[in-house]
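Protein chains: 2
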Amino acid sequence: MSVAQDHDKPADRRRRVTAQAVADAAGVSRSAVSRAFTPGAYLDESKRRIIEKVAHHMGYQPNALAAGLKDGRSHLVAVFVGNMRSTYDSEFVSALVGKLNALNKWPILIDGGDQRAEDAIEQVLRYPLDALILRGGSMPRALVTRCTKFGVPMISTGRIVQSPGVDNVCCRNADGTGLAAQVLIDKGRTRFGYLGGAPSFSSSAERRLGVIDVLDKAGLKLIAEATGDFTVETGRKIALKLLAEHKLDALVCANDASAIGALTAARELGLDVPCDLSLIGFDDIEMARWPNFDLSTVNNPIDDAVDQVIALLERRLAEPGKQSETIMIDPFFVPRGTH
Amino acid sequence: MSVAQDHDKPADRRRRVTAQAVADAAGVSRSAVSRAFTPGAYLDESKRRIIEKVAHHMGYQPNALAAGLKDGRSHLVAVFVGNMRSTYDSEFVSALVGKLNALNKWPILIDGGDQRAEDAIEQVLRYPLDALILRGGSMPRALVTRCTKFGVPMISTGRIVQSPGVDNVCCRNADGTGLAAQVLIDKGRTRFGYLGGAPSFSSSAERRLGVIDVLDKAGLKLIAEATGDFTVETGRKIALKLLAEHKLDALVCANDASAIGALTAARELGLDVPCDLSLIGFDDIEMARWPNFDLSTVNNPIDDAVDQVIALLERRLAEPGKQSETIMIDPFFVPRGTH
DNA sequence: CTGGATTCTGCACACGTGCCCACATAATGT
DNA sequence: ACATTATGTGGGCACGTGTGCAGAATCCAG
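Chains as they are written, first to last, in the numbering used here: chain A, 1 to 339; chain B, 1001 to 1339.
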């Protein structure tokens, strides 16, 4: 039990295997070990093989903290998620995490829904982050400038942040709902309603305008509208009221969750969807495809958006001082059974 | 443009503000700055205030990489998620992330569903992780031993990993489905079916046994069973077949998603739930509460489980050599409209 | 054998911090 | 007045790595 380790430290807490230990065991210098783990480095092939074998056996990997300290690049990326409970955000983050992993960038998740989110950001800035990715939600202006001051590149998606040094990836929301509205107009619908999300979210406002503009060109107007919070439960509650008070034949919703809530409400009220009422969502989450919903909706392309975020990240790392960009993504209509 | 920074380095890439820079600006020693950011440290109060002000103005925070390198504790926690698309796992991770953030532990997410997950784990081990948390899914045995070799404490939840140095938090699955089955028996149901998940997941097997044991005590047997993959789509497909081929009056499902699929199937087949058929899920995800499902289910307590994971983490960090523990969580029946 | 070219390797520095230690100053006790 | 204690401060080491540099080793042609 009291047998000492190779080194004479008290070693109350077991430390990591170090490059020096591997070097000693393999009978080479520490530099050689370091080179064995550096892709383009100059090292005799046979020696490299020996070192790799010994290292694997001892359970050695270069310490990423030390490496990051050396070259100022941590490979850590903070991901600030507005609302992790939201289905779309959750699908988005899932895709994002997968692609970051594949790139050997490590996503640190921060729950923006939490009260202490600001504090969390402040704390996580202690790491020299490669970037901070914002997914939806709203981050206080002050925090954005604070991050810029720390020199952390920011990439926002789902909400445009107008600030020098912040790159954006965003969906052409108005185009999306415009497409949907046009389909309904072509079908002969005339009595339109809009079921929005929280007004502080620009996406809901943009989507609303998309409907209004297209209606306007056709000489039509919104007959009724109401504001929810992007969730199924609230969507249902709001829609029950909206549909009872107004005789609508078309309802465009700010997102799929709201639309699914509205669909439930319509059925509870005895309305036949799509005969009596056309119903359209936004996002095209997996649930929209379920046979019991079969929701007509606007696809908000996750893979495209994530790819653009990754591309922006790589460009930004290659050229830290570059002009900030805003990439727009084109949504498209997905016809299913509710329109 | 060619104006040099305070220091005479070429500074092609802008570096972080350092403690030395703050010390120079505030007219104190670097040690003083360090102390200003160390909670219990000895420093004149007025001096501390000055330093804090200057530091905030310059955008200084201690570099967590350097600090971690120094004391061998990175405050990073890898979270390996079996399937981020699963609703329950996503709710679980959301809760876990929130509580880790509150503790100033930073969760690095790894998507276990991805092909390259093994490689990702190998790479992320370069960071001296405080711990590795496994949520569901299945991690290859070899990787587990590899992590242990690296001295990274592991906490598994949703699936018990029998290995020295791995702590576990797990639900008493059999008890849960047993409770549900008993309720149905008391209601007079006799013709039971079980809709399971992938058999490689121990949770599904345990839940199945829970039903069988209770049926056995009542002199009953499973009439039919089928195996899905925990998703709504597959649940529906399997249930369509199962319900068409057997005249059941009770169907216990391995999880809520399967149950919701089965509910859809039952309705498509014209069955009245709960009159003709009692249907019970497992997990109690948010969706189970939606009025259009109103699913009777077994609550698989997320908050309790996450709290236990956090507690285990803290105990493990306080005493790295401690015996590994297995904490069992008690699920409970949630009566709603489908039984 | 010798000089030069080529291939390989070890030394030592820097990255930014926390903390121990020695020391300086102020406060207190005899 | 001096000894002793409390309080505050700066110097410097260690954490583990990547890499420039100079020098060692090897090889080849003359």
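A virtual CB, placed ideally from N, CA and C, is assigned to each residue, including glycine. These numbers were taken from a predicted model, which means no experiment stands behind them.
Could you list which residues in chain A have their beta carbon closer than 7 Å to that of residue i, in chain order?
{"i": "B:A1064", "result": "R126, Y127"}
{"i": "B:S1156", "result": "Those within 7 Å of B:S1156 in chain A number zero; the least Cβ separation is about 19 Å."}
{"i": "B:S1090", "result": "S90"}
Measure the Cβ-Cβ separation of residue i and residue j and say whether it is below 8 Å.
{"i": "A:A342", "j": "A:H246", "result": "For chain A, the structure presents residues 1 to 339; residue 342 of chain A sits outside this window and is missing."}
{"i": "A:V33", "j": "A:A41", "result": "no"}
{"i": "B:I1121", "j": "A:W106", "result": "no"}
{"i": "A:M58", "j": "A:A19", "result": "no"}
{"i": "B:Q1308", "j": "B:V1161", "result": "no"}
{"i": "A:F293", "j": "A:A254", "result": "no"}
{"i": "A:C171", "j": "A:N63", "result": "no"}
{"i": "A:R135", "j": "A:D167", "result": "no"}
{"i": "A:D111", "j": "B:G1112", "result": "no"}
{"i": "B:S1065", "j": "A:G68", "result": "Reading off the sequence shown, one finds Leu at residue 1065 of chain B, where the question assumed Ser. Result yes, Cβ atoms of B:L1065 and A:G68 sit closer than 8 Å."}
{"i": "A:S324", "j": "A:G165", "result": "yes"}
{"i": "A:S278", "j": "A:K149", "result": "no"}
{"i": "A:A257", "j": "A:T87", "result": "yes"}
{"i": "B:G1193", "j": "B:L1242", "result": "yes"}
In three-state terms, what does DSSP make of residue i?
{"i": "A:R135", "result": "strand"}
{"i": "A:L42", "result": "In the sequence as presented, Leu is not what sits at residue 42 of chain A; that position holds Tyr. Reduced to three states, the DSSP call for A:Y42 is coil."}
{"i": "B:G1176", "result": "helix"}
{"i": "A:C170", "result": "strand"}
{"i": "A:C275", "result": "coil"}
{"i": "B:D1283", "result": "strand"}
{"i": "A:A311", "result": "helix"}
{"i": "B:A1198", "result": "coil"}
{"i": "B:A1224", "result": "strand"}
{"i": "B:D1024", "result": "helix"}
{"i": "B:T1264", "result": "helix"}
{"i": "A:E325", "result": "coil"}
{"i": "A:T190", "result": "coil"}
{"i": "A:R13", "result": "Low confidence applies here, because A:R13 scores a pLDDT of 46, under 50, leaving its location unreliable and the question unanswered by this model."}
{"i": "A:D229", "result": "coil"}
{"i": "B:T1157", "result": "strand"}
{"i": "A:F333", "result": "strand"}
{"i": "A:D249", "result": "coil"}
{"i": "B:H1007", "result": "Its pLDDT being 32, under 50, B:H1007 is placed unreliably in this model, and the value from its coordinates should be taken loosely. In the structure shown, B:H1007 sits in coil (DSSP, three-state: anything other than H, G, I, E or B)."}
{"i": "B:L1076", "result": "strand"}
{"i": "A:N101", "result": "helix"}
{"i": "A:S2", "result": "Bear in mind that a pLDDT of 31 at A:S2, under 50, signals an unreliable position, so the number given afterwards is only what the model happens to contain. Here A:S2 sits in coil by DSSP."}
{"i": "A:T18", "result": "coil"}
{"i": "B:T1297", "result": "strand"}
Which residues of chain B have a Cβ atom closer than 7 Å to the Cβ of residue i, listed in chain order?
{"i": "A:Q123", "result": "N1104"}
{"i": "A:Q61", "result": "L1125, R1126"}
{"i": "A:N292", "result": "T1264"}
{"i": "A:A120", "result": "N1101"}
{"i": "A:S94", "result": "M1084, R1085, D1111"}
Could you work out which residues of chain A lie near residue i, taking near to mean beta carbons separated by less than 8 Å?
{"i": "B:V1097", "result": "M84, L109, I110, D111"}
Out of the options, which one is the CA nearest neighbour of residue i?
{"i": "B:R1085", "options": "B:S1203, B:D1229, B:T1190", "result": "B:D1229"}
{"i": "B:L1313", "options": "B:E1206, B:E1268, B:P1140, B:I1133", "result": "B:I1133"}
{"i": "A:I185", "options": "A:N104, A:R172, A:Q123, A:D213", "result": "A:D213"}
{"i": "B:G1082", "options": "B:K1099, B:G1137, B:L1129", "result": "B:G1137"}
{"i": "A:D303", "options": "A:S296, A:R289, A:R316, A:D284", "result": "A:D284"}
{"i": "A:A262", "options": "A:I238, A:C275, A:P274", "result": "A:I238"}
{"i": "B:A1131", "options": "B:R1073, B:L1242, B:S1204", "result": "B:R1073"}
{"i": "B:P1340", "options": "A:F333, A:L240, A:P320", "result": "Outside the displayed range of chain B (1001 to 1339) lies residue 1340 of chain B, so it cannot be described from this structure."}
{"i": "A:P163", "options": "A:E52, A:A142, A:A305", "result": "The question names Pro, yet the displayed sequence has Ser at residue 163 of chain A. Nearest option by C-alpha distance: A:A142."}
{"i": "A:A25", "options": "A:R35, A:I51, A:S46", "result": "A:I51"}
{"i": "A:G158", "options": "A:S203, A:T177, A:A198, A:V124", "result": "A:S203"}
Which chain B residues sit within Cβ distance under 9 Å of residue i?
{"i": "A:G151", "result": "R1014, R1015, R1016, V1017, G1059"}
{"i": "A:R114", "result": "The question names Arg, yet the displayed sequence has Asp at residue 114 of chain A. The answer, in chain order, is V1097, G1098, N1101, A1102."}
Counting only Cβ-Cβ distances shorter than 9 Å, please list the residues of the stretch 1309-1327 of chain B near chain A, keeping chain order. So the close ones are P1320, G1321.
Where the stretch 250-272 of chain A meets chain B: residues whose CB sits under 7 Å from a CB there: Per Cβ criterion, the list reads T264.
Contacting positions in the stretch 218-243 of chain A - beta carbon closer than 8 Å to chain B: If you check each beta-carbon in the stretch 218-243 of chain A against every beta-carbon of chain B, the ones closer than 8 Å belong to V232, E233, R236.
Scan the stretch 68-84 of chain A for residues whose Cβ lies nearer than 7 Å to a Cβ of chain B and list them as they occur along the chain. Answer set for the stretch 68-84 of chain A: G68, L69, G72, S74, M84.
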